[in-house]
Amino acid sequence: MTDAIAANDSVESIDVDVETVSAPAAPTLFRDLPLPNEILRAVDDLGFSQCTPIQGRVLRFTLAGHDAIGRAQTGTGKTAAFLLTVIADFLKNPPSPERCLGEPRALVLAPTRELALQIARDAEDLGKYANLSVVTLVGGMDYEKQRRQLDRAPVDIVVATPGRLIDFANKQELFLDQVELLVIDEADRMLDMGFIPDVKRIVRLTPPKSHRQTLMFSATFTRDVLNLASQWTFYPVTVEIEPESVATETVEQKVYIVTADEKVALLYNLITTQSLERVMVFANRRDQTRRLTDVLKAHDISCALLSGDVPQEKRVKTLENFREGKIKVLVATDVAGRGIHIDGVSHVVNFTLPEQPDDYVHRIGRTGRAGASGTSISFACEDDGHLIPELESAIGRKLECLYPPAELLAAVPKVHVVHGASGAKPAPRKPRPSGAGASRPGARRH
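Residue numbers 36 to 481, in my numbering, belong to the letters of the sequence shown in order.
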């Protein structure tokens with residue numbers, strides 16, 4: 036439920052065999068939907084009464100058992116939309132008393148570990164009165180611990196990343212022939228990360244599409260995504276939420292024009308002079324995030340690193356500390372920042388401008404969540420200023436570009452920076468081929 040914020044919406048016809056859902060005349064209240072009391076109590080505990088557009092439009096159909104495909108980014112309420120569908124179905128249709136271990140009734144596939152863990156947390160919150168078992172299977176974490184969770188009792192919902200799920204299926208620790216509901220989240224991200232072969236294999240292990248309910252979500256409707264939707268869904272409805280509304284409605288956006296050498300001072304002074312408490316800083320490369328984290332720590336700023344170099348167990352702990360306010364600044368790459376849904380992030384800082392406009396929309400969507408206001412500040416220099424027009428096209432308006440006030444460019448106090456303090460290990464360099472071997476015919480060049 037953490038990504039349930041309001042969004043403007045529009046519907047367009049797409050070239051697949053679907054029924055396109057039109058927008059309801061007025062906002063939908065959760066109590067007006069055919070949701071069991073156990074769910075309404077949980078939703079009320081979370082402080083929500085009114086559906087977001089995607090929830091109000093898609094739940095009318097998915098609660099009746101229809102398949103659905105949705106174009107929606109994080110921050111639109113899609114996670115709650117599919118979880119409410121799953122939990123409501125299970126409450127209305129109790130399981131057979133003769134259940135086997137390792138046979139989930141619902142499977143939710145997500146491209147990243149962080150997103151899978153967040154979905155599982157939301158499932159626990161929304162299903163707190165439903166007495167459902169939720170198990171998360173993700174790579175980079177203790178396999179045996181996850182196996183013991185499957186062996187403890189029959190499982191209702193499995194939330195998984197494709198690779199780890201394949202591991203369990205190959206070892207016959209998990210069986211998908213009893214799956215009643217299949218959810219595929221961020222399908223376009225699955226394509227980008229090369230997971231589709233694994234996902235296709237997983238889908239084949241579930242019942243035929245006419246014998247299961249399938250919900251599929253993607254931030255974009257590319258031809259590849261639509262082809263997959265036609266293969267995996269059975270007469271689906273489709274819902275589209277415009278991504279621009281997620282980025283611009285509640286987020287103040289500005290761009291500071293600086294030199295590359297001024298960026299560190301600008302970041303330090305922004306955090307310290309404005310007493311920022313909950314900040315996400317994005318950079319394009321892992322080495323940049325490591326150096327930034329080391330510099331901030333050397334200046335006694337409470338911060339932590341989130342990148343592919345950080346061990347998974349530490350990444351999970353870092354996110355929990357940031358969520359609880361024990362860490363003020365989280366420095367992340369785009370890949371590591373995917374799927375992070377944390378309310379209360381006041382500022383997003385783009386230390387380097389993203390090369391992909393979609394990444395900009397995703398980054399600034401980490402703030403201004405759940406109806407709160409937020410601020411996005413981007414640093415543009417001679418190296419990346421040329422990307423601004425593309426970012427403006429992505430959000431549909433001009434960005435405010437200005438020079439930072441002098442006090443934000445004041446020199447940073449000199450301290451000894453201990454590189455490696457961030458806890459991340461730089462990737463090892465590949466040895467350079469020596470003379471004869473490098474020039475011999477057929478030698479592979481790196």
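C-beta atoms are modelled at their ideal positions from N, C-alpha and C, and glycine is treated no differently.
Practice task
Give the single residue among 385, 118 and 69 whose Cα lies nearest to the Cα of residue 413.
Solution key: 385
With burial defined as no fewer than 16 other Cβ atoms inside 10 Å of the residue's Cβ, what is the status of residue 269: buried or exposed? exposed
**Prompt:** Contact check, residue 343 vs residue 370 under 8 Å by CB: the rounded distance?
**Reply:** 6 Å
Worksheet item: Contact check, residue 161 vs residue 195 under 8 Å by CB: the rounded distance?
Response: With 8 Å as the limit, residue 161 and residue 195 do not qualify as a contact, their Cβ atoms being about 18 Å apart.
Could you give the DSSP three-state label for residue 164: helix, strand or coil?
coil
What is the C-beta distance between residue 416 and residue 324, in whole angstroms, given that I count them as a contact (C-beta under 8 Å)? Not really, about 17 Å apart at Cβ, beyond 8 Å.
Among the residues of its own chain, which have a CB less than 6 Å from the CB of residue 224, if the five just before and after it don't count? 146
Exercise. Have a look at residue 243 and residue 149 and give me their C-alpha separation to the nearest angstrom.
Key: 29 Å
Item to complete: Report the three-state DSSP secondary structure of residue 293 (helix, strand or coil).
Response: coil
- Message: Looking only at its chain, what residues have a beta carbon closer than 8 Å to the beta carbon of residue 245, apart from the 5 residues adjacent to it on each side?
- Response: 269
Task: Residues near residue 330 in its chain [Cβ-Cβ closer than 7 Å; skip 5 each side] - done: 299 and 452
request  = With distances taken Cα to Cα, identify the nearest neighbour of residue 153 among 113, 191, 187 and 304.
outcome  = 113
Tell me whether residue 328 is buried or exposed, calling it buried when 16 or more other Cβ atoms sit within 10 Å of its Cβ. buried
Inset, instruction - Report yes if the CB atom of residue 70 is closer than 8 Å to the CB atom of residue 85, and no otherwise. - result: no
Can you tell me whether DSSP reads residue 105 as helix, strand or coil?
strand
**Request:** Identify every residue that forms a DSSP beta bridge with residue 253.
**Result:** 106
Using only alpha-carbon positions, find the residue among 315, 169, 208 and 79 that is nearest to residue 156.
169
- Query: In terms of alpha-carbon separation, which member of 428, 326 and 248 lies closest to residue 98?
  - Reply: 248
Q) Candidates 178, 387, 336 and 438: which alpha carbon is nearest residue 206's? A) 178
- Query: Just how far apart, CA to CA, sit residue 236 and residue 265?
  - Reply: 16 Å
request  = State yes or no: is the C-beta of residue 439 within less than 8 Å of the C-beta of residue 334?
outcome  = no
Any idea what DSSP makes of residue 279, helix, strand or coil?
-> Because the pLDDT at residue 279 is just 43, under 50, the model does not fix this residue reliably, and the value given afterwards should be weighed accordingly. Three-state result, residue 279: helix.
Supposed close pair residue 318, residue 368 - CB separation, criterion 8 Å = 7 Å
- Message: Give me, in chain order, the residues of the same chain whose beta-carbon lies closer than 6 Å to that of residue 213; leave out the 5 immediate sequence neighbours on both sides.
- Response: 138
How about residue 302 and residue 316: do their beta carbons lie closer than 8 Å? yes
query = Which of helix, strand or coil does DSSP assign to residue 287?
reply = strand
List the DSSP bridge partners of residue 385.
317 and 413
Practice problem: Report yes if the CB atom of residue 428 is closer than 8 Å to the CB atom of residue 389, and no otherwise. | Solution: no
For residue 192 and residue 167, which I take to be in contact (beta-carbon distance under 8 Å), what is that distance rounded to the nearest angstrom?
6 Å
Do residue 144 and residue 190 count as a contact pair if the criterion is CB distance below 8 Å?
no
With respect to the beta strand (DSSP E) encompassing residue 435, which residues constitute its N-terminal and C-terminal limits?
435-437
On a CA-only basis, which of 241, 332, 411 and 364 is nearest residue 285? Give me that one, please.
411
### Task
Pull up the distance between the alpha-carbon of residue 122 and that of residue 66, whole angstroms please.
15 Å
**OP:** Could you check what DSSP says for residue 241 in three-state terms: helix, strand or coil?
**Re:** coil
Measuring only the C-alpha atoms, how far is residue 274 from residue 252?
9 Å
- Whose CA, out of 376, 381, 349 and 351, lies closest to the CA of residue 364? 381
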